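Here is the structure we will look at, set down as C-alpha cells.
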Amino acid sequence: MKIVGLLLKQVLRYAVYTLVHVLIISRLVLFDAGWCFLYLGFVLFLPLGTPVVVQLLLAFGIGLTMDIFYDTGGLHAAAAVLLAFVRPAVLRLLRPRDGYDAVDAVNVHFMGPAWFLTYLGVLVLVHHLAFFLLELGSFRHFGFTLEKVGVSWAFTCVALLIVQLLFFPVRRSRQ
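The sequence shown begins at 1 in UniProt numbering and counts up by one.
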C-alpha cells in the first residue's frame with residue numbers, strides 16, 4: 001500500500017509541475033532573456049533514495065513532455081537527463097557527515113538554506129548551460145547565450161526556492 005501511495009504522489013507531482021509550467025510559467029519572460037524552468041523541480045525534489053535509473057527515466061519523461069509542448073526537438077529531454085545524471089554526484093559532494101535518510105526528499109527546511117541553495121544552484125546551472133548551448137548549436141552568439149543562462153538561472157532558482165518555502169513541509173513526517 002505504501003508503494004502505491006508513493007507512486008500516486010509522484011504521478012500527481014508530475015502532473016502539477018507539467019500543468020503549472022505549461023499553462024502559467026511558460027508565459028513569463030524576464031528581461032527578454034530569462035525563462036523559468038519550473039518543471040525541473042520535479043526531478044530536483046525527488047526522494048533522495050530514488051534509484052539513478054528511475055531518476056533518468058523520470059527526467060527523460062518530463063523533458064520529453066516539455067519538448068512535445070514546445071516543439072523543441074529533444075532539448076528539454078537532453079538537458080533534464082543530464083541534470084538527473086549529475087544529481088547523484090552533487091548529492092555525494094554535499095552529503096552531511098551523518099548521511100541522508102533515504103525516504104527524505106530534498107527540502108530546504110530539513111537540509112538548511114546553504115546546502116539547499118548550493119544543490120539548487122549547481123544543478124540548475126548544469127541544466128541551463130546544457131539547454132542553452134544545445135539550443136544555440138554553435139559559439140556564434142556566446143555572450144547572449146551566457147546572459148540567457150545567467151538570467152534564467154536566477155529566475156529558476158528563485159521560483160524553485162519559493163515553491164520549496166510555500167509547498168514543502170516544515171516538519172518531518174512520522175513513520
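Built from N, CA and C at the ideal position, the CB exists for glycine as well. Keep in mind the model is a prediction, meaning the values are calculated, not measured.
Which stretch, first to last residue, makes up the alpha helix (DSSP H) that contains residue 163?
-> Your numbering for residue 163 matches position 163 in the sequence shown. If you look at residue 163, you'll find it in the alpha helix (DSSP H) that goes 142-167.
Got a sec? Which residues, its chain only, sit under 6 Å from residue 168 by beta carbon, not counting five neighbours each side?
-> Start at 1 with the first residue of the sequence shown, and residue 168 comes out as number 168. Here the set comprises 107.
Could you tell me the distance, in whole angstroms, from the CA atom of residue 27 to the CA atom of residue 156?
-> Locating residue 27 in the sequence shown gives position 27, where the first residue counts as 1. Locating residue 156 in the sequence shown gives position 156, where the first residue counts as 1. Cα atoms of residue 27 and residue 156: separation of roughly 14 Å, rounded to the nearest angstrom.
Going along the chain, which residues of its own chain have a beta-carbon closer than 7 Å to the beta-carbon of residue 41, five neighbours each way excluded?
-> For the purposes of this step, residue 41 is taken as the residue at position 41 of the sequence shown. Closer than 7 Å at Cβ, skipping near neighbours: 17, 160 and 163.
What whole-angstrom Cβ distance do residue 109 and residue 170 have, given they're in contact under 8 Å?
-> Residue mapping note: residue 109 aligns to position 109 of the sequence shown, counting from 1. Residue mapping note: residue 170 aligns to position 170 of the sequence shown, counting from 1. Between residue 170 and residue 109 the Cβ distance is about 5 Å, and since that is below 8 Å, they are a contact.
N- and C-terminal bounds of the alpha helix (DSSP H) containing residue 22 = As a position in the sequence shown, residue 22 is number 22, starting the count at 1. In the DSSP annotation of this structure, the continuous segment of the alpha helix (DSSP H) that includes residue 22 starts and ends at 2-23.
Using DSSP with H/G/I as helix, E/B as strand and the rest coil, what is residue 29?
-> Numbered from its first residue, the sequence shown carries residue 29 at position 29. Secondary structure of residue 29 (DSSP, three-state): strand.
Neighbourhood of residue 85 by C-beta, 6 Å cutoff - its chain only, sequence neighbours within 5 removed | Locating residue 85 in the sequence shown gives position 85, where the first residue counts as 1. Excluding sequence neighbours, residue 85 sits near nothing in its chain.
Could you check where the alpha helix (DSSP H) with residue 57 kicks off and where it finishes?
-> Indexing the sequence shown from 1 puts residue 57 at position 57. Where residue 57 is concerned, the enclosing alpha helix (DSSP H) stretches over 52-70.
What separation, rounded to the nearest whole angstrom, lies between the Cα atoms of residue 62 and residue 78?
-> In the sequence shown, the residue the question calls residue 62 occupies position 62. In the sequence shown, the residue the question calls residue 78 occupies position 78. Cα to Cα, the separation comes out at about 11 Å.
Measuring CA to CA, which of 151, 29 and 65 is closest to residue 15?
-> Along the sequence shown, read from residue 1 onward, the residue named residue 15 stands at position 15. A check of alpha carbon separations from residue 15 across 151, 29 and 65 identifies 65 as the nearest.
Simplified DSSP state of residue 88, which is helix, strand or coil = As a position in the sequence shown, residue 88 is number 88, starting the count at 1. Note: residue 88 maps to helix in three-state DSSP.
Extent of the continuous alpha helix (DSSP H) to which residue 125 belongs = In the sequence shown, counting from the first residue as 1, residue 125 sits at position 125. From DSSP, the alpha helix (DSSP H) with residue 125 extends over 113-136.
Are residue 176 and residue 132 close, meaning C-beta to C-beta below 7 Å?
-> This structure cannot speak to residue 176, because the chain is shown only from 1 to 175.
Taking the alpha-carbon positions, what's the residue 144 to residue 4 distance?
-> Locating residue 144 in the sequence shown gives position 144, where the first residue counts as 1. Locating residue 4 in the sequence shown gives position 4, where the first residue counts as 1. Approximately 46 Å, taken between the alpha carbons.
Short check: CB of residue 152 to CB of residue 127, under 7 Å?
-> If you number the sequence shown from 1, residue 152 lands on position 152. If you number the sequence shown from 1, residue 127 lands on position 127. No, Cβ-Cβ distance for residue 152 and residue 127 is not below 7 Å.
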